[in-house]
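Novice: Attaching a single structure in structure tokens format; questions to follow.
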Amino acid sequence: MAHGPLYQQDYKPQFSGHETFPLRYGWLKKCYDRVSATEQEPDNKSLCWGGDAIARFGVGKNMASSMRHWATVAGIIEEPSGTHQVKTTPLGQLLFGVNGVDPFLEYPNSLWLIHWKLATEWKKKTTWYWAFSYYSAVTFERDKFIKRLQRDWPNAAQTTVKNDVACFVRTYAAQPSSAKAGRDDSLECPLTELGLIKPVSKRDGFRFVRGQKTTLGDGTFVYALIEFWKEFSPASSTLSFEAIAHKPGSPGRVFLLDENDVADRLSHIDSVTNNALRWSETAGLKQVVRSPEFDFYSALDFVQKDFECSNEREVA
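Residue numbers 154 to 469, in this note's numbering, belong to the letters of the sequence shown in order.
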């Protein structure tokens, strides 16, 4: 019997919201800019997504809805429940604000952050969370993948699940080029650059690429670890290696790291966090220990360091 948030008795799966469009380059910044320009206005939701959104973004109604969906689940903007307000988030401000570190998504760490948000958003992205946190096989065929999801959530409409899986695959697996493809069809999702899922020779077959992720910064890994810790066991001063590497929603699962990769990163987490988090193997227990003064809300500070290091390397 599977455990975790997807298998709680009252869980309601979500296989829609994207209108079948995978995330595209430029969408997150366009949404961020519009929300940023209006968030000082009361009830700015209509200003962001009202009838003129189609003209403002230069897309159709369904695509405008998709842009809104991706900006929300990627943690770039938020729409507090019970309000008519849309706000930018600290992550959105870090990436796309006035002094944003990567407004055009040129650095891999930005893509890793977006992937992390999508793959841990279990309330709105069932397929994403399930695929990275529960699916244990290395390879999969699209039809069998769909059937596995329907087995767990039989009340979901088959067409809806099928469309969601198609969008999931296009989010991560680059499509083969075709002379017949239109210009829009040739636009890949930026997350294909991460190489997490690749086609295999078999028709409609794919594989998850598990192993070392050289473009994933230590600060971004620590950010993910802190977010997981806050969700998984916020009251605990320690977090086990087993949880970090294998639990649903963990960095090891979501980034497709094997145990050696996770261990390598944890072995020097003391220096990355200036001893705010420490690696311990005392009495045979492998775990991360957080200092009593540690603040979960400082997670983005470690991401900032990744971008500072990237800029220093470019200057050098």
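Note that CB positions come from ideal geometry on N, CA and C, so glycine has one too.
1. Under three-state DSSP, which class holds L248?
2. Please classify P352: does DSSP put it in a helix, a strand, or coil?
3. Mind checking which residues open and close the beta strand (DSSP E) that includes W432?
4. What is the DSSP secondary structure of P158, reduced to helix, strand or coil?
5. Is it the case that the Cβ atoms of L410 and F361 are separated by a distance below 8 Å?
6. Should A155 be labelled buried (16 or more other beta-carbon atoms within 10 Å of its own) or exposed?
7. Does the region 299-315 come close enough to the region 197-206 that 3 or more CB-CB pairs lie under 8 Å?
8. So, do the region 241-249 and the region 200-213 have three or more beta carbon pairs nearer to each other than 8 Å?
9. Of the choices G402, N413, F381 and S424, whose alpha-carbon is the least far from that of F449?
10. Less than 6 Å between C-beta atoms, sequence neighbours within five positions excluded: which residues of the same chain meet that for F321?
11. Looking only at C-alpha atoms, which of H399, R221, V415 and Q167 sits nearest to R177?
12. Go through its chain and collect everything with a Cβ distance to E172's Cβ below 8 Å, but skip five positions before and after it.
13. Taking the C-alpha atoms as reference points, what is the distance between N428 and I422?
14. Is it buried or exposed, S389, if we count other Cβ atoms within 10 angstroms and call 16 or more buried?
15. Going by beta-carbon coordinates alone, are K183 and V226 separated by less than 8 Å?
16. Given a threshold of 16 other Cβ atoms within 10 Å of its Cβ, counted over all protein chains shown, does F257 qualify as buried or as exposed?
17. Using the C-alpha atoms, what's the distance from L430 back to D338?
18. Can you give the Cα-Cα distance for P158 and V353, rounded to whole angstroms?
19. Give the secondary structure of Q238 by DSSP, where H, G and I count as helix, E and B as strand, and everything else as coil.
20. Just verifying my parser: in three-state terms, what is the DSSP assignment at V212?
21. Given a threshold of 16 other Cβ atoms within 10 Å of its Cβ, counted over all protein chains shown, does Y160 qualify as buried or as exposed?
22. Would you call the CB atoms of G228 and K270 closer than 8 Å?
23. Classify G204 as helix, strand or coil using the three-state DSSP reduction.
24. What residue range is occupied by the uninterrupted beta strand (DSSP E) comprising L346?
25. Since S451 contacts Q440 with CB under 8 Å, what's their CB separation in whole angstroms?
26. Taking 8 Å as the cut-off, decide whether the C-beta atoms of D357 and R295 are in contact.
27. Since I believe T373 is in contact with W265 (beta carbons under 8 Å), could you give me their beta-carbon distance rounded to a whole number of angstroms?
28. Give the C-beta separation of V442 and D371 to the nearest angstrom, bearing in mind that I take them to be a contact with Cβ-Cβ under 8 Å.
29. May I ask you to report which of helix, strand or coil DSSP gives T191?
30. By alpha-carbon positions, which one of P166, F293, A272 and F285 ends up nearest to K355?
31. Secondary structure at E294, three-state DSSP: helix, strand or coil?
32. For F361, which beta-bridge partners are listed by DSSP?
33. Measure the CB-CB distance between L244 and L378 and report whether it falls below 8 Å.
Specialist: Reading from the atomic positions:
1. helix
2. strand
3. L430 to S433
4. helix
5. no
6. exposed
7. no
8. no
9. F381
10. T280
11. R221
12. N215, M216, S218, S219 and H222
13. 8 Å
14. exposed
15. no
16. exposed
17. Reliability fails at D338, whose pLDDT of 44 lies under 50, so the model's placement of it is uncertain and the value that follows must be treated cautiously. So the two alpha carbons sit approximately 45 Å from each other.
18. 31 Å
19. coil
20. coil
21. exposed
22. yes
23. coil
24. Note that residue 346 corresponds to Glu in the displayed sequence, not to Leu. Here E346 belongs to no beta strand (DSSP E), and DSSP marks it neither H nor E.
25. The Cβ separation is near 20 Å, so there is no contact.
26. yes
27. 5 Å
28. Wrong, their Cβ atoms sit about 18 Å apart, outside the cutoff.
29. helix
30. F293
31. strand
32. I350
33. no
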